[in-house]
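The structure appears right after this line, and notes come after that.
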Amino acid sequence: VVGVITSPTGAVIRDILHRLSDRFPRHVLLAPVLVQGQDAAAQVAAAINGFNAMDPSGPVPRPDLLIIARGGGSLEDLWAFNEEVVVRAAAASRIPLISAIGHETDTTLIDFAADYRAPTPTAAAERAVPVREALLESVIEISRRLIGGMARLFEDRRLRVELLARGLPDASSLLGVRMQRFDGVVERLVMAGDSFLDQKRQAVALTAARLRRPEQVLTEKQSRLSLQGAALAMHMRRVIGQLEDRLSNAGGRFQSAPVARRLSEGKRTLDRLAPALDAAYARRAESAQTRLTALSDLLESYSFKRVLDRGYAVVRDSDGVPITTVDGARPGDAVGLEFSDGSASAIISGDTSGRRPAPKRGRGKKTKPDPDRDPDRQGSLL
């Protein structure tokens, strides 16, 4: 696609279209602009920018080449192509641009910003497209040369293959030796297989001859079992007789009169010792009960409940943990007070630093320091 920026009327556009049609017909997009006058520069710059802004994949394809053309004229007529806006647009164009302004002797600033300067609009069209017939002839010539080269290459390869084939031995003679060797191996293999089978048959026959018949083995086992059963029965009768003799001898030693006499003596001894055993058990139980009572009284005396009976109380925090130091009680904390007959709730207030104000100094009577009132010593609730 060729984009042409020129006047829609006049000989320039006709020359360009005619030359493109003669050489290589292509699609042409025309941007009609003024080529002289006050608004010419702005329209030419807008046309260049418009072509560059087109989407290559849009419904109207973006041109692959731009031609800016104008016929000859005076310097004033061509001045629009010396304007800065036109020169900057031509320099910033991403599409290749051919300038064809005036005649061959005319020079404008856009010629220096363009990718190529053509002396005339017709020369610009010739530069834009090649001659189609010349391209076809070139392609045909190249195809002919390619086909000829491939034919010569194939012929050369064919001759080389024929030469190599002549150096190879005959296939029948090459395979004949291998076939003879193969037949010999097969024959030896068959003979070896038959010999191997004959050897195995003989080995099986010899093994079968050495094996005894199952009926014979079973008869021998039954005979041995009968003999062993008879020997076992005889041995059992002998052992039972010995045990009966030993039992008879032992029964004579365990007669009823001596046993009864020993039982009577044991009963009298048990009757004599039973009262003493009962008295000893009673004394042991009474001693244990007395000791248990003493320990229970001692445990009860150590209980903090007895201290509560004397006017003391146990202070616990909200989790039920006893508070044993003044630092553990902060102002505003809710505490529980446990007395001997119940419990109550309270709120900590006042100073809980643990230090009492120092007494006023005077000439009063000196008193002994009370260890229970020592501010640095925590009193015990127990």
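Numbering follows this note's numbering, in which position 209 of the sequence shown is assigned residue number 209; successive positions increment by one, without gaps.
Ideal placement from N, C-alpha and C gives every residue a C-beta, glycine not left out.
Roughly how many angstroms separate the alpha carbons of residue i and residue j, rounded to a whole number?
i: D198; j: Q228; result: 46 Å
i: R363; j: G320; result: Because the pLDDT at R363 is just 47, under 50, the model does not fix this residue reliably, and the point stays unresolved.
i: D77; j: E104; result: 16 Å
i: S138; j: L97; result: 27 Å
i: A294; j: R284; result: 16 Å
i: R262; j: P275; result: 22 Å
i: R291; j: A280; result: 17 Å
i: R181; j: R166; result: 26 Å
i: D15; j: D22; result: 11 Å
i: S7; j: P32; result: 5 Å
i: V335; j: G342; result: 14 Å
i: Q289; j: D327; result: 46 Å
i: V221; j: A205; result: Strictly speaking, residue 221 in this sequence is Lys, with Val absent from that position. So the two alpha carbons sit approximately 26 Å from each other.
i: I13; j: V44; result: 15 Å
i: R213; j: E244; result: 47 Å
i: G379; j: S318; result: Confidence in G379 is poor, its pLDDT being 44 and thus under 50, which makes the residue's placement unreliable; the coordinate value appears in the next sentence. Those two C-alpha atoms are separated by around 22 Å.
i: E300; j: S340; result: 14 Å
i: T324; j: L298; result: 24 Å
i: A90; j: T9; result: 23 Å
i: R145; j: G176; result: 48 Å
i: V35; j: F51; result: 17 Å
i: L308; j: G350; result: 25 Å
i: I240; j: A233; result: 11 Å
i: I48; j: A113; result: 13 Å
i: R237; j: L273; result: 51 Å
i: R188; j: S195; result: 10 Å
i: R201; j: R224; result: 36 Å
i: S226; j: R246; result: 31 Å
i: G311; j: P322; result: 17 Å
Between residue i and residue j, which are expected to be in contact by the criterion C-beta below 8 Å, what is the C-beta distance as a whole number of angstroms?
i: A313; j: E338; result: 6 Å
i: A125; j: R19; result: 4 Å
i: I67; j: V4; result: 5 Å
i: V129; j: R26; result: 6 Å
i: A41; j: V2; result: So it is not a contact: roughly 23 Å between Cβ atoms.
i: A329; j: I348; result: 5 Å
i: I110; j: F81; result: 5 Å
When we look at the beta-carbon of residue i and count the other beta-carbons within 10 Å, is it buried (16 or more) or exposed?
i: G193; result: exposed
i: T219; result: exposed
i: T108; result: buried
i: V131; result: exposed
i: L168; result: exposed
i: A231; result: exposed
i: A250; result: exposed
i: R361; result: No answer about R361 holds up, because its pLDDT of 47 lies below 50 and its placement is not dependable.
i: D278; result: exposed
i: G266; result: exposed
i: G58; result: exposed
i: G102; result: buried
i: D115; result: exposed
i: L164; result: exposed
i: A11; result: exposed
i: D55; result: exposed
If distances are taken between C-alpha atoms only, which option among the options comes closest to residue i?
i: A53; options: L243, V315, I95 and P25; result: I95
i: P121; options: S21, L30 and A69; result: A69
i: G332; options: S345, P169 and P61; result: S345
i: E83; options: L146, G37, S296 and L298; result: G37
i: G72; options: A100, V60 and L65; result: A100
i: R127; options: A260, F24 and G241; result: F24
When the cut-off is 8 Å and only beta carbons count, does residue i lie next to chain C?
i: F182; result: The displayed structure is made up of one protein chain only, and chain C is not part of it.
Q: For the stretch 278-360, list the beta strand (DSSP E) runs that are entirely contained and at least 3 residues long, ordered along the chain.
A: 314-316, 334-339 and 342-347
**Q.** Whole beta strand (DSSP E) elements within the stretch 38-70, 3-residue minimum
**A.** 65-70
Q. Residue ranges of each alpha helix (DSSP H) run of no fewer than 4 residues wholly in the stretch 94-161, ordered along the chain?
A. 110-113 and 121-128
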